[in-house]
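Student: Numbering (numbering that gives the first Met the number 0), first residue to last: 0 to 257.
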Amino acid sequence: MMAPFRMTVGLTVVAVCLGLFAPEARADTPGETDAEFFMSLSYKKVAMLDDAYRAVAILARGKDDLKEPGKCRDFLVERKIARGKWGLAPDKPLTKGKLAYMVCQALGIKGGVTMRLFGPSQRYCLFECEFLELMTGGAPYEHVTGGELVSTIDRADQYKLAEETEATAKAAKKTAAQAEGQQKAADDKGNKETSSNVKKAEATEGKATATDTKKSSEKAKETAAKGSGSPKAENTSDDASESKPEKGQASPPAKPVQ
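Right, here's the structure in full:
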C-alpha cells in the first residue's frame with residue numbers, strides 16, 4: 000500500500016484520540032479525498048456498511064480511485080472480499096463480524112485449523128482479527144464506531160506492510176540461495192573439467208613416455224646385437240683362412256696314428 004495512505008490513516012487515528020473533529024460531519028460527502036473521508040469517518044458514532052466498503056477497498060487497492068459505494072462493493076464482491084448478499088446499505092450499521100470478514104479476506108488471512116476446516120465465517124474471522132490485534136473483541140453482531148473502523152484499517156495496513164516486507168525478504172533470500180547454488184554447481188563443474196583435463200594430460204604424457212622408453216629399449220637392443228655380432232664374424236673368417244690351405248700349397252701332413 001502507498002505510503003501517503005498510511006500517513007493519512009495514522010494521522011487520522013491520532014486526531015481521533017485527540018478529539019479534534021466535529022461530531023456532526025458526514026463520511027459520504029461526494030468527491031472528498033481519502034484523507035477527508037477517514038477524517039470525517041473517525042468521529043461517527045456508528046459506521047455504516049457502505050463506509051466499510053470504501054475503507055476496505057482502499058486497503059485492498061492501495062488507492063482511493065473508486066469512491067462510490069456501489070463500485071467499491073462490486074470490486075469487493077468480485078474479489079470475494081465481501082459477500083454479494085449483503086447488498087448496498089447506506090443506512091445499515093456495520094457489524095464487527097462483517098468488518099472482520101472483509102479484513103481477513105482482503106489481507107489473505109487463512110486463520111487457524113478451525114477456520115481452515117470450516118471456512119471464514121464472521122465469528123471465526125473476528126476471533127482471528129482479535130488474535131492478530133487488528134480489532135478489539137466482541138460479538139459478531141456488535142456495531143462498529145467510525146473511530147474503530149479507521150483504527151482497524153490502520154492496523155490492517157501495517158499488517159499488510161509487514162507481510163509484504165517479509166515476503167520480499169524471503170524472495171530475496173531464496174534468489175540469493177539459488178544464485179549461490181548455481182555458482183557452486185558451476186564451480187564444481189569447472190573443477191571436474193579441470194581434473195579431467197589434468198588426468199587426460201597425465202595419461203597422454205605417460206603414453207608418450209612409455210613409447211619413448213620402448214623405442215629407446217629397442218634401439219639399445221639393436222645396438223647391442225650389432226656390437227656383439229661383428230667380432231664373431233671376424234673370428235670365424237680368420238679361423239677359416241688359417242685352416243684352409245692356399246691354392247698351390249700342399250695340405251699339411253696328417254698326424255700319424257699311434
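Just so you know, even glycine gets a beta-carbon here, dropped at the ideal spot from N, CA and C.
Just so we're clear, the structure is a prediction, and the values are computed from it rather than from any experiment.
#1: Tell me the DSSP secondary structure of T135 in three-state form.
#2: Do H142 and L93 have their CB atoms nearer than 8 Å?
#3: For M47, which of A176, T32, T113 and P68 has the nearest alpha-carbon?
#4: Do you know offhand how far P89's Cα is from L116's?
#5: Examine the Cβ distances between the segment 67 to 86 and the segment 174 to 189 and report whether three or more of them are shorter than 8 Å.
#6: Compare the beta carbon distance of G146 and K95 with 8 Å and say whether it is the shorter of the two.
#7: Below 8 Å, can you find three or more Cβ-Cβ pairs linking the segment 53 to 66 to the segment 146 to 163?
#8: One question on the structure: do L125 and Y158 come within less than 8 Å of each other, judged by their Cβ atoms?
#9: Report the three-state DSSP secondary structure of T144 (helix, strand or coil).
#10: Among all the DSSP beta bridges, which residues are the ones paired with M47?
#11: For A21, which residues of its own chain have a beta-carbon under 6 Å away from its beta-carbon, when the five flanking residues on both sides are left out?
#12: Given a threshold of 16 other Cβ atoms within 10 Å of its Cβ, counted over all protein chains shown, does G110 qualify as buried or as exposed?
#13: What do you reckon, are the CB atoms on T135 and Y123 nearer than 8 Å?
#14: CA-CA distance, K97 and E31?
#15: Apart from the five residues just before and just after T144, which ones in its own chain have a Cβ nearer than 8 Å to its Cβ?
#16: Cutting at 8 Å between CB atoms, please list the residues of its own chain near L65, excluding the five before and the five after it.
#17: Which value, in whole angstroms, describes the spacing of the CA atoms of S120 and L106?
#18: Taking S39 as part of the alpha helix (DSSP H), name the residues at either end of that continuous run.
#19: Taking the alpha helix (DSSP H) that E258 falls in, what are its first and last residues?
#20: Taking G61 as the reference, which of L160, T212 and E165 has the closest Cα?
#21: Do E127 and C103 come within 8 Å of each other at the CB atom, strictly closer than that value?
#22: Among residues of its own chain, excluding the 5 on either side of A185, which ones have a beta-carbon nearer than 6 Å to its beta-carbon?
#23: Output needed for A99: all residues of its chain with C-beta closer than 7 Å, excluding positions within five of it in sequence on either side, in chain order.
Tutor: In terms of the structure at hand:
#1: coil
#2: yes
#3: P68
#4: 34 Å
#5: no
#6: no
#7: yes
#8: no
#9: coil
#10: P92
#11: With a pLDDT of only 41 at A21, under the threshold of 50, the placement of this residue in the model should not be trusted; the figure read from the coordinates follows. Contacts found: none.
#12: buried
#13: no
#14: 25 Å
#15: K43, K44, V45 and A46
#16: R53, A56, C71 and F74
#17: 15 Å
#18: D33 to L40
#19: No statement about residue 258 is possible, as the shown extent of the chain runs from 0 to 257 and does not include it.
#20: L160
#21: yes
#22: none
#23: Q121, C124, L125, C128 and M134
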